[in-house]
Amino acid sequence: MTGFFYTYRKKAPDEPPTKIKAIFFRFWRKTLTYPPMKFVDEVSIRVEAGNGGNGCLSFRREKFIPRGGPDGGDGGDGGDVMLVADTNLNTLVDFRYTKVFRAQRGKDGRGAQCTGARGDDLRVRVPVGTIVLNSATNEVIGELLTEHQRLTVACGGKRGLGNTRFKTSTNRAPRKTTEGQPGEKRDLVLELRLLADVGLLGKPNAGKSTLIRAVSSARPKVAGYPFTTLYPNLGVVRIASDRSFVMADIPGLIPGAAEGLGLGIRFLRHLSRTRLLLHLVDMAPEWTDGDLWRDVRDISNELVKFDAELAGRERWLVLNKIDLLPPDERERCGKDLLERLQWNGPVFRISAHTGAGCRELVSHVMKCIGKTKIPRD
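Residue 1 is where the sequence shown starts when you use the UniProt record's numbering, and the numbers rise one by one after that.
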């Protein structure tokens with residue numbers, strides 16, 4: 001049967017039943033690979049608190065009450081805009097699409113001395129570790145370091161007054177009211193700094209992502225070419241059921257990163273709250289000239305250019321990929337490097353790929369961070 005609005009199609013003899021097609025479709029969807037969520041750590045937004053409601057001009061009018069007097073109510077206060085820390089968020093990517101946040105306006109007052117309803121507050125969820133800056137002055141307004149912590153960034157306008165407020169002994173029927181005040185409007189910069197105990201430093205392809213995969217449950221991308229890591233990764237290293245610390249892996253640095261080469265030094269901000277820095281050195285480099293001393297010096301110079309306080313923080317040298325060198329060459333290269341650097345701090349020799357030396361490293365890290373205070377900005 002064929003019609004203008006409806007066409008009946010017979011099922012082909014070899015067409016699979018609907019149930020089989022549904023099962024196949026569900027299996028096919030599971031095999032799809034979706035692109036990873038984009039990491040954004042700095043955005044600009046505008047917040048606008050609600051205006052206050054206007055006061056009401058009204059007089060009481062009832063039977064047998066010829067001069068009831070004024071009964072205009074006040075308006076309601078405008079709603080505030082506040083930021084709320086949420087541990088389920090780890091990026092500011094949502095703010096790339098929504099730039100303006102407005103709270104609700106307060107309701108106007110009404111007769112019978114009815115006060116207008118207060119405008120609803122607007123709560124904006126942000127990741128834990130977010131710093132809020134004034135876009136005009138670059139002044140730090142506050143930071144959110146714990147879950148459910150709140151920070152009011154724009155206060156609502158005060159309510160307007162009804163004519164009842166202006167009644168006096170000489171003015172029994174005032175016609176004066178006031179309008180609600182406008183709410184605050186601000187341009188803000190949100191800057192995310194990850195909360196980690198230990199930070200990993202090093203040149204590209206030094207094995208930072210491999211190390212964080214070996215000692216934690218994090219699974220960053222690992223490949224045999226530079227700049228595999230394009231955004232920071234966090235991993236929780238568990239020593240025991242009640243002992244753990246958080247490790248941060250950032251993209252590799254190259255000479256001139258402070259001038260914008262490579263991925264730049266913008267990701268170094270995520271190490272500002274760490275207690276300890278682990279500087280990984282590739283003992284068998286494939287993508288550089290093999291001058292280990294120069295590699296360590298370049299990273300140190302970039303740290304100084306970014307933040308002198310961060311450059312002076314406790315830093316351990318971790319010689320990675322020792323499994324690719326013979327034992328005698330391994331000792332010789334390590335000794336020469338330490339002599340040229342005049343290194344007096346702790347040194348660890350590990351292989352993140354095979355796991356050699358990793359257990360000893362994380363044990364010493366756990367002991368160190370238990371004695372070190374968390375730096376504050």
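Ideal placement from N, C-alpha and C gives every residue a C-beta, glycine not left out.
Given the structure is predicted, the values throughout are model-derived calculations rather than measurements.
Residues of its chain near residue i, where Cβ-Cβ distance is below 6 Å and the 5 sequence neighbours each way are ignored
| i | result |
| --- | --- |
| residue 130 | 144, 190 and 192 |
| residue 319 | 281, 283, 334 and 349 |
| residue 112 | 71 |
| residue 184 | 49, 154 and 155 |
| residue 360 | none |
| residue 342 | none |
| residue 178 | 55, 160 and 161 |
| residue 100 | 46 |
Three-state secondary structure (DSSP) of residue i
| i | result |
| --- | --- |
| residue 208 | helix |
| residue 316 | strand |
| residue 214 | helix |
| residue 185 | strand |
| residue 254 | coil |
| residue 195 | coil |
| residue 40 | coil |
| residue 115 | coil |
| residue 366 | helix |
| residue 86 | strand |
| residue 249 | strand |
| residue 81 | strand |
| residue 128 | coil |
| residue 279 | strand |
| residue 157 | coil |
| residue 179 | coil |
| residue 144 | strand |
| residue 327 | helix |
| residue 109 | coil |
| residue 311 | helix |
CA nearest to the CA of residue i, picked from the options
| i | options | result |
| --- | --- | --- |
| residue 134 | 359, 43, 234 and 282 | 43 |
| residue 48 | 119, 331 and 59 | 119 |
| residue 197 | 236, 208, 159 and 217 | 236 |
| residue 149 | 165, 123 and 217 | 123 |
| residue 93 | 177, 125, 75 and 247 | 125 |
| residue 89 | 104, 211 and 234 | 234 |
| residue 95 | 170, 40 and 177 | 40 |
| residue 366 | 232, 250, 215 and 351 | 215 |
| residue 105 | 80, 114, 51 and 158 | 51 |
| residue 273 | 299, 164 and 310 | 310 |
| residue 362 | 163, 200, 253 and 312 | 200 |
| residue 368 | 292, 327, 314 and 328 | 314 |
| residue 251 | 164, 194, 267 and 352 | 267 |
| residue 253 | 67, 297 and 91 | 297 |
| residue 355 | 53, 340 and 211 | 211 |
| residue 249 | 177, 255, 59 and 206 | 206 |
| residue 147 | 291, 87 and 209 | 87 |
| residue 180 | 117, 217, 302 and 239 | 117 |
| residue 74 | 370, 67 and 108 | 108 |
| residue 238 | 217, 255 and 232 | 217 |
| residue 450 | 312, 344 and 351 | The structure shown does not extend to residue 450, since the chain is modelled only from 1 to 377, so the question has no answer here. |
| residue 182 | 157, 176 and 166 | 157 |
Residue i: CB within 7 Å of a non-hydrogen atom of the ligand ADP
| i | result |
| --- | --- |
| residue 321 | The ligand ADP is not part of this structure, which contains no ligands at all. |
Same chain only: Cβ atoms within 8 Å of residue i, ignoring 5 sequence neighbours per side
| i | result |
| --- | --- |
| residue 346 | 316, 317 and 364 |
| residue 141 | 132, 133, 134, 151, 153 and 188 |
| residue 299 | 201, 202, 203, 253 and 279 |
| residue 307 | 268 and 272 |
| residue 255 | 261, 298, 301 and 302 |
Residue environment, residue i, which counts as buried when at least 16 other CB atoms sit within 10 Å
| i | result |
| --- | --- |
| residue 243 | exposed |
| residue 62 | exposed |
| residue 294 | exposed |
| residue 203 | buried |
| residue 65 | exposed |
| residue 85 | buried |
| residue 328 | exposed |
| residue 304 | exposed |
| residue 358 | buried |
| residue 269 | buried |
| residue 275 | buried |
| residue 138 | exposed |
| residue 30 | Confidence is the limiting factor: at residue 30 the pLDDT is only 47, short of 50, which leaves the residue's position unreliable, though a coordinate-based value still follows. By the 10 Å Cβ count, residue 30 comes out exposed. |
| residue 98 | exposed |
| residue 240 | exposed |
Contacting residues, own chain, Cβ-Cβ under 7 Å from residue i (five flanking each side not counted)
| i | result |
| --- | --- |
| residue 284 | 321, 324 and 325 |
| residue 32 | Any reading at residue 32 must be qualified, since the residue scores a pLDDT of 45, below 50, and its modelled position is unreliable; no value is offered. |
| residue 35 | Low confidence applies here, because residue 35 scores a pLDDT of 45, under 50, leaving its location unreliable and the question unanswered by this model. |
| residue 338 | 347 |
| residue 60 | 68, 69 and 71 |
Inter-residue CB distance, residue i and residue j (contact presumed, cutoff 8 Å)
| i | j | result |
| --- | --- | --- |
| residue 79 | residue 115 | Not quite, the Cβ-Cβ distance comes to about 15 Å (not below 8 Å), so this is no contact. |
| residue 136 | residue 69 | Their Cβ separation, rounded to whole angstroms, is 48 Å, which puts residue 136 and residue 69 out of contact at 8 Å. |
| residue 53 | residue 159 | 6 Å |
| residue 127 | residue 168 | That belief does not hold up - the Cβ atoms of residue 127 and residue 168 are roughly 54 Å apart, past 8 Å. |
| residue 195 | residue 246 | 7 Å |
Chain C contact for residue i (CB, 8 Å cutoff)
| i | result |
| --- | --- |
| residue 110 | Checking the listed chains, one finds no chain C in this structure; it contains a single protein chain. |
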